[in-house]
Every structure is written in structure tokens, then in C-alpha cells.
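Here's the structure we're looking at; comments come further down.
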Amino acid sequence: MKIAAFPKGDLNRIVVRRDMTVFEWIEQARTLGVDGLEMHTGFFWEADFPDRVGDALAAADLAMPMMCASPDFTHPDPAEREREIAAQAEAMRITRLLGGPGAVCRVLSGQRWPQVSVGDGLDRAAEAITSLLPLAAELDITLAIENHYKASTWTYPEFAQAPEVFRALVERIDDRVRFGVQYDPSNALVAGADPAEFLAGVVDRVVTMQASDRYLEAGASLDDVPATGYPAALKHGVIGRGLNDYDRIFPILVEAGYDGWISIEDGVNGLDEMRASVEFLKTARERWFDGSTAVHVRTHEEAKKAWAARSQG
1 MKIAAFPKGD LNRIVVRRDM TVFEWIEQAR TLGVDGLEMH TGFFWEADFP
51 DRVGDALAAA DLAMPMMCAS PDFTHPDPAE REREIAAQAE AMRITRLLGG
101 PGAVCRVLSG QRWPQVSVGD GLDRAAEAIT SLLPLAAELD ITLAIENHYK
151 ASTWTYPEFA QAPEVFRALV ERIDDRVRFG VQYDPSNALV AGADPAEFLA
201 GVVDRVVTMQ ASDRYLEAGA SLDDVPATGY PAALKHGVIG RGLNDYDRIF
251 PILVEAGYDG WISIEDGVNG LDEMRASVEF LKTARERWFD GSTAVHVRTH
301 EEAKKAWAAR SQG
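Okay, so the sequence shown: first residue is 1 according to UniProt numbering, each after it adds one.
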């Protein structure tokens, strides 16, 4: 298992405000002790940025295993969907340029537009992703759909946020070479699912993982968390100290033979917390990813009790 990092805490600065550059992030990340950095399509403001980022990563001796892209394949306008497919294709080319063979480019289903039915959304997302698989094969990269909540520039949450819709979309795409799942335990939690139980249902398709954690602010309880959505009481925190039960999550990955990249989605509260998350994953790598481990997936009710105990502790 290799560890990457993603600047969740600086995403707005780099992508939206643009008062920080990806090159500054790479310099900061050199101090983290990770193996690679996950990139975001919004980092590349200028035409020469991909080549320059490649040079900066090489100078820092860091790989680029994963590209974060956010296509809206469910958009009501067919012309807009075509533009989204074209933009995703460009993201895939940059993924190959920076990550080389075997790199992973994220896809999403799209927004949960009120006027788009579940059936139509599934059709559109599956058709768009399938249309991009020949390019993935040509570039020798993989597309991975993340169980996601909502891209920062979107109006509506993820179309496939609900676990049953997500699984239905994944099952429509048979390709297991150029397509897979990017698993995010915190997004499963926000979708009202038990992260370990959700993982167990898709682990045979997992090709990358986002590692993060959430905790409840003082005075809040899991009863305040809606079935789906992002409540204000749910905060980012150091991995391994929040609501995600990694002692249940990691064994499922190990038993399935997963030994790929885990990218840290952290840093919202500063680089020191990201360093603590890196250390947690390094310890987990030594503990879990050196042989088979017996798996015990508790029920959702058992897990909720454990989460409540953690939040109170």
C-alpha cells in the first residue's frame, strides 16, 4: 500500500481563489513523507502547468497516482454533457502525462438534477463513462468512480450518492480493467451508510481509496446527521480519531487483496493534522498490509454505538 496526499484544506485557495498554486502545495508536501500526490483538474490554470507540475513532482521525488475530476454526466442539456465528456477526456490525458501507465482518473456520475429521473441519470452516466473507456485503454490508465457527496462548484449533490444508486451504476459497467471504484469511507458515512458495510459490497471493484475522517462537534449526536447530506456538525479531522472505524475497514481491503494507493484527504485544520494522518496510515500499513487478516464486519447498529462512544471520548 502506498500513501498519497490531497490538499483538501487548500482546495478553495488553489482552485477557486487562486491565491495559492499547486507548486506551493508540492513544496509543502515534500515535508509529509508520502509516496505521491493526488492532483485536481482545477490546479491547471495555464496551458504549460501540466508539464511544469510534472517537473516539480519529479524534483520532489513524488508520484502522481490519482487525478480528481468532477464531470457532470447527468446534466439535462445534451450539449453540456458532451462538453463534460470532452473535459473528462482532457483530464485523462493529463493523468497519463503526470502519472504514467496505471494512473487513475476519477469520474463522478453528475449532479442530482431535480428534473432527471434515476433511470435517466443511470443511463446518462453509464453511457458517458463507457464512451471514455476506449480512451482509457489507449492511455493505459483507469477510470474510478468515487462514492461522492458534492463537488464544490455544483448546485446539487451527487446523483449516485445513495449507496443503492451507486451500486446500480457500477454494475452497469462490466469493464474491470479500465474501470473501478474509488472508495471514500467518510462519504459513505455522509450518505447514511456504514462505511465498512458499504465497502464490503463494492470491494471487488475498488482500485483506489480516499482516506479521511469526520467527527461530531461538541453537543451533537449521530441522531442529528440526516440520512444523506453534509450536516454542519460533522467536521474534518485527523484520520483514525473520528467516526470511521478503520479497524473494520482495513481488514476488508486486505482480505480482498487490495494493495493500491490510499490518498489522504485532510489538512482542513492545518498541515500538522495532515502529518498526523500520514503517521496513522504508516502505522496502519505496518499493521494491516503485511498479510491476511480475519474480517469481522459489525452490523450498522453495532457500528453506530461505536461511533457514539468515539465522539463522546
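Heads up, the beta-carbon is just placed ideally off N, CA and C, and yes, glycines get one too.
- Boundaries of the alpha helix (DSSP H) around serine 277: 271 to 288.
- Contact check between the stretch 200 to 208 and the stretch 184 to 192: fewer than three CB pairs, one atom from each, fall below 8 Å, which does not count as touching.
- Arginine 17 counts as exposed, since fewer than 16 other C-beta atoms from the protein chains shown sit within 10 angstroms of its C-beta.
- Residue environment analysis places asparagine 269 among the exposed positions, since fewer than 16 neighbouring C-beta atoms fall within 10 angstroms of its C-beta.
- Annotation for tyrosine 149: Pro157, Glu158, Gln161, Asn187, Val190 and Tyr230 place their beta carbon closer than 7 Å to its own, counting only its chain and skipping 5 residues before and after.
- A direct Cα-to-Cα measurement between tryptophan 113 and threonine 95 gives close to 28 Å.
- Taking the C-beta atoms as reference points, isoleucine 129 is found nearer than 8 Å to isoleucine 173.
- Between the stretch 249 to 260 and the stretch 268 to 282 there are fewer than three C-beta pairs closer than 8 Å, too few to call the two in contact.
- In the three-state DSSP reduction, phenylalanine 73 falls in the coil class, being neither helix nor strand.
- Cβ-Cβ distances below 6 Å link glutamate 265 to Phe6, Lys8, Gln210 and Ser212 in the same chain, with the five nearest sequence neighbours on each side left out; the list follows chain order.
- The criterion of a C-beta distance shorter than 8 Å is not satisfied by isoleucine 3 and isoleucine 239.
- Contact annotation: the stretch 46 to 54 does not touch the stretch 68 to 86, with fewer than three C-beta pairs closer than 8 Å.
- For phenylalanine 44, the closest of Gly99, Met1, Leu133 and Thr21 by C-alpha to C-alpha distance is Thr21.
- Pairing phenylalanine 73 with glycine 110 gives a Cβ-Cβ distance under 8 Å.
- Per DSSP, the unbroken beta strand (DSSP E) holding serine 263 starts and ends at 261 to 266.
- In the structure shown, glutamate 146 adopts extended strand secondary structure according to DSSP, grouped into three states.
- Taking C-beta separations shorter than 8 Å and ignoring five residues to either side along the sequence, the partners of leucine 98 in its chain run Met39, Pro50, Val53, Gly54, Leu57, Met64 and Met67, following chain order.
- Judged by DSSP in its simplified three-state form, alanine 233 adopts coil rather than helix or strand.
- Nearest to glutamine 88 by C-alpha distance, out of Ala200, Leu243, Ala136 and Val116, is Ala136.
- Counting other Cβ atoms within 10 Å of its Cβ, alanine 218 stays below 16 and is therefore classed as exposed.
- If you draw a straight line from the Cα of leucine 281 to the Cα of serine 70, it comes to about 26 Å.
- The DSSP-derived three-state label of glutamate 38 is coil.
- Setting aside the 5 residues that flank it on each side, lysine 235 is surrounded in the same chain by Arg214, Tyr215 and Glu217, each with a C-beta closer than 7 Å to its C-beta; the list follows chain order.
- By the C-beta density criterion, proline 76 is exposed, having fewer than 16 other C-beta atoms within 10 angstroms.
- Using a Cβ distance threshold of 8 Å, isoleucine 14 and alanine 60 do not count as a contacting pair.
- Collapsing the DSSP output to three states places proline 195 in a helix.
- Secondary structure note for leucine 108: it is in no alpha helix (DSSP H), with a DSSP letter that is neither H nor E.
- Rounded to whole angstroms, methionine 92 and leucine 143 show a C-alpha spacing of 8 Å.
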